[in-house]
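Mind the numbering: the sequence shown is residues 1 to 439 in full-length UniProt numbering, read in order. For glycine and all other residues, C-beta sits at the position ideal for the given N, C-alpha and C. As the structure is a prediction and not an experimental result, all values here were calculated from the model.
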Amino acid sequence: MRRKGLVLAVSAAPRTSSGTSDPTTASAPDFGNAVALVCRECGTRVPLGPSFACLECFGPLEIAYEFPEITREQIEAGPANIWRYAPLLPVPADVASRPNLEPGLTKLVRAENLARELGVTGGLYVKDDSGNPTHSFKDRPVSQALEAARAFGFDTLSCSSTGNLAGAVAAAAARAGLKSCVFIPSDLEQAKQVVAAAYGGHLVAIKGNYDDVNRFCTELIGDEIGENWGFVNVNLRPYYAEGSKTLAYEICEQLGWRLPDNLVIPIASGSQLTKIDKGLQDLIKLGLVEEKPYKIFGAQAKGCSPVSTAYKAGHDVIRPVRPDTIVKSLAIGNPADAPYVLDIARRTGGAVEDATDDEVRDAMRLLARTEGIFAETAGGTTLGVTRKLIADGRIDPAEETVVLNTGDGLKTLDAIADTTGATAVIDPTLDSFREAGLA
Ligand SMILES: *Cc1c(COP(=O)(O)O)cnc(C)c1O
Ligand SMILES: [Zn+2]
């Protein structure tokens, strides 16, 4: 059925009606209120299938919906995880009844100590997504891709990963009873490799950077080896991406159903940032929040900052870079959604900025010290950038700002292990403690 070697592969017919499964027993895939895939560039509509690029113009495909009326009360009565927003996602109404990791509804922490330190008076919040099942925001998009993989009859869940995604995919597959084979750059932090491998399935380390891994995965999809594989961030990307909308939904619901003034969001491929904007727009359209201006700011690591470089230069497209940074989870040198990130930052009056590795380390310590939240390097990047934006007035301290922490510092201990450790090493005696000068 699938055309070998064709990367875009808009196979309009879902797999359940293809030769690989019995069409007499398979029911039509149910994507809830999602109705089609629409090209973000030219608006061409195609049926919901395992497709990700427009055959007319190669633009990315996105999910389009026909939303019914939906109330705050209906959402609040739902499960205490992302499935409370199921009617706004490409999933069937009974999605919560099937085994999955049930991510979401992570804490929105009112960061008063941090606000005081940074001089913010209008309210500062950290949306702490390290509280997800595999300790990063990636559980959100993966939960959507898992449903799509089931609907299309894929038997193996796969991805190209900068680290957190590999773990999220392997864990989701384990819970769902699917096979998994995930791909990472071989120089990844040990903790991320061990975590991803612990869930079983295959973890394949590729000698190269993320962009090499991604290129390899695109080749696999075109080959018969990958025939029954759902690559969550490649051929299932339109579904996967929708999961990040739930960050927008949760932030607004947790603020008491209103929009914040500013959001600061890390950028790897840019998918999360663009879908948070889409989620905010959903809430406005559905009348679940009152419309008002908001600004979206993007954060990159200086050692991999193609989007902030383009932003500062006033360009609409990026020049790909070779990543060189401790922030490995954001180390994508050629981010797929970069043009849309630039668009959103400019349209909303935000910005894209970057932080050096030292600024990232400082911000990791600052957040831990002020709020008791130990973020991974991506969180350090976002806070490092926030700090700059507040210092130079691009974020008004009198406004309300939400900063995303998208991952857990335990996975990136290497980043600060050299400079952070025991205050003193002593004998178990009072004298020894006194001698250390800590009494
Ligand atoms: C993947 C990742 C991101 C960014 O993801 P994109 O949607 O690709 O921009 C941010 N933070 C962490 C911790 C991640 O793992
Ligand atoms: Zn198109």
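- Residues close to ligand 2 by the beta carbon criterion (under 6 Å to any non-hydrogen atom) are, from first to last along the chain, Cys39, Glu41, Cys42, Thr44, Cys54, Glu56, Cys57, Gly59.
- Exposed is the label assigned to phenylalanine 58, since fewer than 16 other Cβ atoms lie within 10 Å of its Cβ.
- For leucine 124 against threonine 401, the beta-carbon gap comes to about 5 Å, under 8 Å, which counts as contact.
- With respect to the 8 Å criterion, threonine 274 and valine 213 are not classified as neighbours on the basis of their beta carbons.
- Here DSSP, grouped into helix, strand and coil, assigns glycine 314 to coil.
- The residues Glu291, in chain order, have a CB closer than 6 Å to that of isoleucine 284 in the same chain once the five nearest residues on each side in sequence are set aside.
- Taking a contact as a CB-CB distance under 8 Å, the pair proline 306 and arginine 319 counts as one, their CB atoms being some 6 Å apart.
- The continuous beta strand (DSSP E) containing lysine 107 extends over residues 107-110.
- Sequence-distant partners of leucine 259 (beyond 5 residues in either direction) whose C-beta falls short of 7 Å from its own C-beta, in its chain, are Cys252, Leu280, Val289, Lys292, Tyr294.
- Secondary structure at isoleucine 265: strand, using DSSP grouped into helix, strand and coil.
- Cβ-Cβ distances below 8 Å link phenylalanine 67 to Asn33, Pro87, Leu88, Asp282, Lys285, Leu286 in the same chain, with the five nearest sequence neighbours on each side left out; the list follows chain order.
- Histidine 202 is classed as exposed because its beta carbon has fewer than 16 other beta carbons within 10 Å across all chains shown.
- The segment 126-152 is shown to contain whole alpha helix (DSSP H) runs of 4 or more residues at 139-152, in chain order.
- The segment 115-129 makes contact with the segment 382-395, as at least three CB pairs between them are under 8 Å.
- Note that the segment 170-177 does not touch the segment 237-249; fewer than 3 beta-carbon pairs, one per stretch, sit closer than 8 Å.
- Counting C-beta pairs closer than 8 Å gives three or more between the segment 97-112 and the segment 171-186, which meets the contact rule.
- With a 10 Å radius around the Cβ and a threshold of 16 neighbouring Cβ atoms, alanine 363 comes out buried.
- Counting along the chain, cysteine 39 sits inside the beta strand (DSSP E) bounded by residues 34-39.
- Three or more beta-carbon pairs separated by less than 8 Å link the segment 152-168 to the segment 216-232, which places the two stretches in contact.
- Cβ neighbours of lysine 302 within its own chain (closer than 6 Å, five residues either side excluded): Asp354, Thr356.
- Only residues of its own chain outside the window of five on either side were considered, and among them Gly230, Val232, Leu236, Tyr239, Tyr240 have a CB closer than 7 Å to the CB of alanine 145, listed in chain order.
- Counting only residues of its own chain and dropping the five nearest sequence neighbours on each side, proline 79 has a CB closer than 6 Å to the CB of Ala96.
- Distance from the Cα of valine 327 is smallest, within the candidate group Leu61, Asp343, Ile267, Ser271, for Ile267.
- Around the CB of serine 432, fewer than 16 other CB atoms lie within 10 Å, so the residue is classed as exposed.
- Taking 8 Å as the cut-off, the beta carbon of alanine 205 is found no closer than this to the beta carbon of isoleucine 225.
- Judged by DSSP in its simplified three-state form, tryptophan 257 adopts coil rather than helix or strand.
- When the beta-carbon positions are compared, valine 385 and alanine 299 come within less than 8 Å of each other.
- Within the chosen limit of 7 Å, ligand 1 reaches the beta carbon of glutamine 272 through at least one heavy atom.
- In the three-state DSSP reduction, threonine 348 falls in the helix class (H, G or I).
- Contact holds between the segment 373-380 and the segment 411-419, because three or more Cβ pairs, one in each stretch, are under 8 Å apart.
- When distances are taken from the beta-carbon of serine 329 to the heavy atoms of ligand 1, the shortest one is below 7 Å.
- Residue state for threonine 429 is assigned as coil, using DSSP reduced to three classes.
- For serine 308, the shortest C-beta to heavy atom distance toward ligand 1 is 7 Å or greater.
- Beta-bridge analysis with DSSP links phenylalanine 183 to Ser160, Val204.
- Secondary-structure assignment with DSSP links arginine 361 through no beta bridge to anything.
- Residue state for glycine 59 is assigned as coil, using DSSP reduced to three classes.
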